[in-house]
Amino acid sequence: MKMIYAIVQDKDANKLSNRLIDENIRATKLASTGGFLKSGNSTFIIGVEDEKVSAVKAIIKETCQTRIQYTSSPLTMDLSLETGSAAPVEVEIGGATVFVLPIESFDQF
Numbered sequence: 005m006k007m008i009y010a011i012v013q014d015k016d017a018n019k020l021s022n023r024l025i026d027e028n029i030r031a032t033k034l035a036s037t038g039g040f041l042k043s044g045n046s047t048f049i050i051g052v053e054d055e056k057v058s059a060v061k062a063i064i065k066e067t068c069q070t071r072i073q074y075t076s077s078p079l080t081m082d083l084s085l086e087t088g089s090a091a092p093v094e095v096e097i098g099g100a101t102v103f104v105l106p107i108e109s110f111d112q113f
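Residue numbers (my numbering): 5 to 113.
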């Protein structure tokens with residue numbers, strides 16, 4: 005048995021949740037916050053048999069797409085003399101960060 009932790013952007017969370025339900029895969033969804041842009045994320049905790057890991061990862065990959073976002077980075081703060089505002093920085097967001105861990109035992113009470 006494996007434990008899958010999938011950290012996804014909030015924009016993809018409902019789509020992933022619905023897809024997991026359609027495939028009869030149980031998951032626990034937790035609200036979380038990203039560190040770099042401090043944007044909303046959801047962390048899915050999914051326990052599955054070893055042979056289902058590839059299928060679950062495929063579902064996550066299909067439903068959680070990367071996208072480009074423009075933001076004013078506090079790290080650069082290149083102020084434009086004309087506008088007085090920070091220059092926008094292109095950042096790739098979305099997708100998923102997935103961890104697969106072995107489970108020593110599983111109990112339900």
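Quick reminder that beta carbons are idealized off the backbone N, C-alpha and C, glycines included.
Separation of residue j from residue i, as counted between CA atoms
i             : j          : result
asparagine 18 : valine 95  : 23 Å
isoleucine 11 : glycine 38 : 9 Å
Sequence-distant residues of its chain with Cβ nearer than 8 Å to residue i (five each side left out)
i            : result
glutamate 53 : Met5 and Lys6
threonine 75 : Leu41, Pro92, Val93 and Val95
lysine 61    : Ile8, Val102 and Val104
Helix, strand or coil at residue i according to DSSP, with G and I counted as helix
i             : result
isoleucine 29 : coil
isoleucine 4  : This structure cannot speak to residue 4, because the chain is shown only from 5 to 113.
alanine 17    : helix
serine 58     : helix
Buried or exposed (CB count within 10 angstroms, at least 16 for buried), residue i
i                : result
leucine 20       : buried
phenylalanine 48 : buried
serine 46        : buried
isoleucine 64    : buried
isoleucine 72    : exposed
Sequence-distant residues of the same chain with beta carbon closer than 6 Å to residue i, five excluded per side
i           : result
leucine 24  : Ala31
leucine 105 : Met7
Residue of the options minimising C-alpha distance to residue i
i              : options                        : result
aspartate 26   : Thr101, Gly38, Thr67 and Ile72 : Thr67
isoleucine 107 : Ala91, Gln13 and Val57         : Val57
glutamine 13   : Gly44, Asn22, Ile64 and Ile29  : Gly44
isoleucine 29  : Thr37, Ala59 and Phe113        : Ala59
Within-7 Å CB hit, residue i to chain C
i         : result
serine 58 : Among the chains of the structure shown, chain C does not appear; only one protein chain is present.
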